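Inspection log for the structure reproduced underneath, given as structure tokens.
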Amino acid sequence: MINFEFPFDAGWSVLLLLLMAVILALQVMWVLNTKRLSTPRKLIRLGLNVIFLLSIALLIFAPYIEKENPRQQALVYAPNISQDLAQQYSDSLKIETLVPIEDFKGKGDVYLLGHDFDAKDLAKLYGSSVQWTGAYENGVFSHLEWEGILRQGQRQYVRGNIVVAEDTEISIHMGDDRLDSIQLILGDKSFQLQFLAKATGRNEVSLRVNGEEKGLVRYFALPNAPIHYKLLFSYPDMENRRLAEWLGTQGQNLSSSIQTSAEAQQLAETSGEEIQFYITEPSMANTAALSEAVEEGASILFTNFENTEAQILQINRALGTGFQLSRVSQEGNRQVGSNLTSLPFRFAEKPNQWEFYDGAVAYQELGGAKVGISLLENTFPIAFQGDTVRYGEIWSQILDPMRPIEGEYYSLKQPVFEGFATEIEVNSSNPINRLIADEDTVFMASSPINSFITKGKWIPAGNGWVTLSDSLEIYIHANEFKEVHQNQLISHFLRSQPPLRGTEILTEKKPLSSWWILGLIVVSASMLWVEPRVNK
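Residue numbers (my numbering): 1 to 536.
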């Protein structure tokens, strides 16, 4: 099919066509009315005029031929993929063209196989529609993620994906201490490891697969400022006293009182002290002190349960939480650790709740507040037996995730690689307009959802530990976690490419050669000049 590309809008194009038609009509009339010309000469002169005007029209309106072609498909594979494996994928996808990346030229639909590509390889694919399959080897991480900046005592989560061909253990270690581990079976598996960020400043922990170190998980932990705890119980016992002593040794501000719920209600109306964390019992759930604490963003932990199921319902009604229990034993308390027991219940898993100690402890966020419940039985015997370190670890694991928000909270996902844009998020009551990262200025924009949150993009230029706003540090990776780096590189490239079109029919344009049209204009114009001078 022949089409035209008009150089002007429709109105001007029609006007130009009409003008050329008028010129042609005048030429025809002039030639036909010339009586001295014979009929053959009139036909020759008319033909030359028509050819000349037609060639001018062809030059202006650029005709082209449309030809329908099916899209070309090719399977392009990385250097780390054997030709036999590439052939298996090619047969499965019914793609005839099989090309290693170093030999690929052209465009079309590309099925990209493997992950060992660099920026130069991917540049060959610009303009193509690409679908990617990583084809990762056994024991290779295809994805990793953890938090780059934490508060001391906050829980660190290391999440990822790995291909395993046999039963495999993923573990994380600090020195000789195993912080967490998980067993995986055959297949492409996702995993999650978790541990508490105990030390402030720079932290490095070892990520291992079957005991072999695959890289270091690096993050920065900010120190916590002391917060004001209040222990509010209707009667004293050894558990409360030992907990109060331990909090005091941790440098926390502490007040405690033994009151009835009515006295607690009166205290809320008269006390001017700002409590950030209440540790109390279920009978206090309906007091104004705790209702106001939730409104002000404080944290509350309930312990000392007797009629567990009824008291959980009481807390849910009073504070708007949604805790749900399931009984796991009819024969008394259950074991959740060495010398550590719990009431015979487990919290049901819910999207907005977090639980640990095998479901014996859980907390829920209510806006800026956090409400937690501990079903653990007495922990003070562990301290009395001399194991004060373990006693501290138990209560740190319960209390630290529930710490109320204080100051500025930073969020940055690791691993961060040199030359790749990363997002920095800051949650602060005083919104931050810009940050200094290394020697770069990162401009922050407010979140449309939450005015306290600002976000900014930063592209690091170096590697190693770099400073962020003087008091923080971020680690920039260079050679570690190579496959994860390649994954990010390919994913970033794919976001800039058009989607795969499959068997779509493409229309190819083939314009007439401009040189051919110019030649026709020159020849016809020459003939128009020569014709009147022949055989006068």
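Heads up, the beta-carbon is just placed ideally off N, CA and C, and yes, glycines get one too.
Here the structure is a predicted model, which is why all the values come from computation and not from measurement.
Find out if the Cβ-Cβ distance for the pair residue i, residue j is shorter than 9 Å.
| i | j | result |
| --- | --- | --- |
| L319 | A360 | no |
| G114 | F481 | no |
| V110 | L98 | no |
| L290 | S255 | no |
| H228 | F302 | no |
| Q154 | W146 | no |
| Q194 | V158 | yes |
| G148 | L412 | yes |
| N138 | E102 | no |
| F347 | Q324 | yes |
| Y357 | S338 | no |
| S142 | G160 | yes |
| A221 | R151 | yes |
| I60 | L18 | no |
| G108 | Q73 | yes |
| L243 | W395 | yes |
| S90 | L112 | no |
Under three-state DSSP, which class holds residue i?
| i | result |
| --- | --- |
| F493 | helix |
| R545 | The structure shown has nothing for residue 545, since the chain only spans 1 to 536. |
| A199 | coil |
| Q131 | strand |
| R403 | coil |
| S171 | strand |
| E147 | strand |
| K105 | coil |
| I545 | Within the shown structure, residues of the chain are numbered from 1 to 536, placing residue 545 beyond reach of any answer. |
| V99 | strand |
| T303 | coil |
| V336 | strand |
| S342 | strand |
| Q73 | strand |
By how many angstroms is the C-alpha of residue j removed from the C-alpha of residue i?
| i | j | result |
| --- | --- | --- |
| P226 | Q131 | 52 Å |
| E169 | L196 | 20 Å |
| R533 | G127 | 56 Å |
| P344 | V416 | 44 Å |
| Q314 | R178 | 40 Å |
| E408 | T200 | 16 Å |
| E393 | K198 | 10 Å |
| M29 | L54 | 18 Å |
| N80 | L494 | 20 Å |
| Y475 | N430 | 26 Å |
| L472 | W465 | 10 Å |
| S234 | R334 | 26 Å |
| A421 | Q414 | 12 Å |
Would you say the beta carbon of residue i comes nearer than 8 Å to a heavy atom of the ligand ATP?
| i | result |
| --- | --- |
| Q27 | Absence of the ligand ATP from the depicted structure is noted, as is the absence of any ligand whatsoever, leaving it without description. |
Should residue i be labelled buried (16 or more other beta-carbon atoms within 10 Å of its own) or exposed?
| i | result |
| --- | --- |
| A119 | exposed |
| T467 | exposed |
| V294 | buried |
| Q364 | buried |
| Y136 | buried |
| E483 | buried |
| H539 | What the structure shows of the chain is the stretch from 1 to 536, and residue 539 is not part of that stretch, so it cannot be assessed. |
| I185 | exposed |
| T249 | exposed |
| S129 | buried |
| D237 | exposed |
| E281 | buried |
In chain order, what residues of the same chain have a beta carbon less than 6 Å from the beta carbon of residue i, not counting five sequence neighbours either side?
| i | result |
| --- | --- |
| E96 | none |
| E204 | L216 and R218 |
| S428 | E408 |
With a threshold of 8 Å on Cβ separation, who are the neighbours of residue i within its own chain once the five nearest residues in sequence on each side are excluded?
| i | result |
| --- | --- |
| P404 | I227, Q276, F277, G297, A298, S299, G368, A369 and K370 |
| V442 | I424, R434, L435, I436, G456, K457 and W458 |
| S374 | L301, F302, T303, A360, V361 and I398 |
| T308 | L325, L343, F345 and L375 |
| V522 | none |
Within its chain, find whatever has a CB closer than 7 Å to the CB of residue i; leave out the 5 residues flanking it on each side and keep chain order.
| i | result |
| --- | --- |
| M527 | L48 |
| A525 | F52 |
| A57 | M20 |
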